[in-house]
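**Student:** Quick one: the structure is below, and I'll ask about it shortly.
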Amino acid sequence: ARETIEISKLMIKKRIQIDKESLTQLGTIANQFNWHGEAVRFYKMTLEPVSTYSYNYINYIKSLIRSGERTHAQHIFSELCEAPPEDGYDDFSVYRWYYILIISTIYLQQEEATKSLYSEAIQELNNDDVLTLERRIYFTYKQEQMHDKAHDFLQQLVEDNPYSGPRWELFGNYYQDCNLQDSTQICYEKAVQCYHSNPLGLRVILKLSDIYLAQNRKQDIVALFQNLLTCNQGKYHVHARIKNWCENNEAS
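Remember, the numbering used here sits 565 above the position in the sequence shown when you count from 1.
Listed below in structure tokens is the structure:
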């Protein structure tokens, strides 16, 4: 890995062009070996010339912090805050701007800014983008081992959205990652109730079925599947996933 980094630096010095995807990969390699100063250099190059709302701003800010340049990271973040998408930008650009800012505040450990930007984002983004953003926030907390913050964030989500299947499912995923089976089951059951017969709930129904199978609650599994199949007749993918689950678990 060190040799790869050094060869790449030599190529840059000799002005040999390296594409942005390769620079991103080099930054990732450097961070894996805690060569954060090198990572900063590679990520910065992916943003030159200025790359509007590039996800690598997050990598750049994170690497600056880990290399001890928190003030510089804060400066980059402040510049991004002052450059929101103008009227006419597509929804995805607006989502990316909020995503970059919110995840950056997590690395900068600015909790109030995280909450403020999230509150603003849910007013500006469509529902699908909000759900995606929430999953990314949780994943970042998990990746950074901020377990208490992850719990508090998800707890607030289900309190504010008690009839949201995706939020209860995400909370269940958190408890599953913590190996807290009872809490996982409660959240997944709440999610299934919220999804009702919506085929989007198939994933969490299969997760809940795994839990029920371990408890030998086969009749409860049958009830879950029958309800979903009855309400989704003719939807092949629903039938196929359930059949596959049964075959994998040797259940009829």
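C-beta atoms are modelled at their ideal positions from N, C-alpha and C, and glycine is treated no differently.
These numbers were taken from a predicted model, which means no experiment stands behind them.
1) Give me, in chain order, the residues of the same chain whose beta-carbon lies closer than 7 Å to that of N792; leave out the 5 immediate sequence neighbours on both sides.
2) Just tell me which of N624, A595 and A715 has its CA closest to the CA of R732.
3) Of all the options Q784, L673, V723 and Y622, which has the alpha carbon lying nearest to the alpha carbon of K585?
4) Check whether the Cβ atoms of T749 and Q741 lie closer than 8 Å to each other.
5) Q746: which of G766, S774, V723 and R661 sits nearest, CA to CA?
6) CA-CA distance, T636 and V605?
7) Does the distance from the CB of I665 to the CB of R701 come in under 8 Å?
8) In the structure shown, what three-state DSSP assignment does M610 receive?
9) Are the beta-carbon atoms of Y608 and G592 separated by less than 8 Å?
10) Taking the alpha carbon of E647 as the point to measure from, which residue in I630, Y625, Y618 and N624 has its own alpha carbon closest?
11) Are the beta-carbon atoms of E734 and Y706 separated by less than 8 Å?
12) Any chance the CB of S729 is under 7 Å from a heavy atom of the ligand GDP?
13) What separation, rounded to the nearest whole angstrom, lies between the Cα atoms of D693 and Y660?
14) With C-beta atoms as the reference, is F642 less than 8 Å away from L673?
15) Put Y801 into one of helix, strand or coil per three-state DSSP.
16) Curious, which full-length alpha helix (DSSP H) runs of at least 4 residues does the segment 679-726 contain?
17) With a 10 Å radius around its C-beta and 16 neighbouring C-beta atoms as the bar for buried, classify H601 as buried or exposed.
18) Taking only three categories from DSSP, how would you classify D849?
19) Excluding sequence positions up to five away, which residues of its chain have a Cβ less than 7 Å from the Cβ of T679?
20) So what does DSSP say about W600, is it helix, strand or coil?
21) Look at the alpha carbon of M610 and the alpha carbon of S587, and state the distance between them as a whole number of angstroms.
22) Sorted by chain position, which residues of the same chain lie with C-beta nearer than 6 Å to Y663's C-beta, five sequence neighbours on each side aside?
**Tutor:** This is what the structure holds:
1) Translated into the one-based positions of the sequence shown, residue 792 becomes position 227. Excluding sequence neighbours, N792 sits near S762.
2) The sequence position of residue 732 within the sequence shown is 167, counting from 1. Of N624, A595 and A715, the residue nearest in Cα terms is A715.
3) Here residue 585 refers to the residue found at position 20 when the sequence shown is read from its first residue. In this structure, Y622 is the residue among Q784, L673, V723 and Y622 with its C-alpha nearest to the C-alpha of K585.
4) Within the sequence shown, the letter at position 184 stands for residue 749. Within the sequence shown, the letter at position 176 stands for residue 741. Yes, the pair counts as a contact, with Cβ atoms nearer than the cut-off.
5) What you label residue 746 is simply residue 181 of the sequence shown in a count that begins at 1. The shortest Cα separation from Q746 among G766, S774, V723 and R661 belongs to S774.
6) Residue mapping note: residue 636 aligns to position 71 of the sequence shown, counting from 1. Residue mapping note: residue 605 aligns to position 40 of the sequence shown, counting from 1. So the two alpha carbons sit approximately 14 Å from each other.
7) By one-based count along the sequence shown, residue 665 stands at place 100. By one-based count along the sequence shown, residue 701 stands at place 136. Result no, Cβ atoms of I665 and R701 do not sit closer than 8 Å.
8) As a working mapping, residue 610 is identified with position 45 in the sequence shown. Helix, per DSSP.
9) Taking the first residue of the sequence shown as 1, we reach residue 608 at position 43. Taking the first residue of the sequence shown as 1, we reach residue 592 at position 27. Yes, Cβ-Cβ distance for Y608 and G592 is below 8 Å.
10) Counted from its first residue, the sequence shown places residue 647 at position 82. Per the Cα distances, Y618.
11) Walking along the sequence shown from the start, residue 734 turns up at place 169. Walking along the sequence shown from the start, residue 706 turns up at place 141. No, these two residues do not count as a Cβ contact at 8 Å.
12) By its list of ligands, the structure shown contains no ligand whatsoever, and the ligand GDP lies outside what it can speak to.
13) Indexing the sequence shown from 1 puts residue 693 at position 128. Indexing the sequence shown from 1 puts residue 660 at position 95. Rounded to the nearest angstrom, the two C-alpha atoms are 10 Å apart.
14) Along the sequence shown, read from residue 1 onward, the residue named residue 642 stands at position 77. Along the sequence shown, read from residue 1 onward, the residue named residue 673 stands at position 108. Yes, the pair counts as a contact, with Cβ atoms nearer than the cut-off.
15) On the sequence shown, position 236 is the one that residue 801 refers to. Of the three classes helix, strand and coil, the one that applies to Y801 here is helix, per DSSP.
16) 692-708 and 712-725
17) For the purposes of this step, residue 601 is identified with residue 36 of the sequence shown, where counting begins at 1. H601 is buried by the Cβ-count criterion.
18) Since the first residue of the chain shown is 566 and the last is 817, residue 849 is not available in this structure.
19) As a position in the sequence shown, residue 679 is number 114, starting the count at 1. Taken in chain order, the residues that qualify are I667, T670 and I671.
20) Along the sequence shown, one-based indexing puts residue 600 at 35. Coil, per DSSP.
21) Within the sequence shown, numbered from 1, the residue matching residue 610 stands at position 45. Within the sequence shown, numbered from 1, the residue matching residue 587 stands at position 22. Distance between the alpha carbons of M610 and S587: 11 Å.
22) Position 98 of the sequence shown holds residue 663. Hits under 6 Å: A686.
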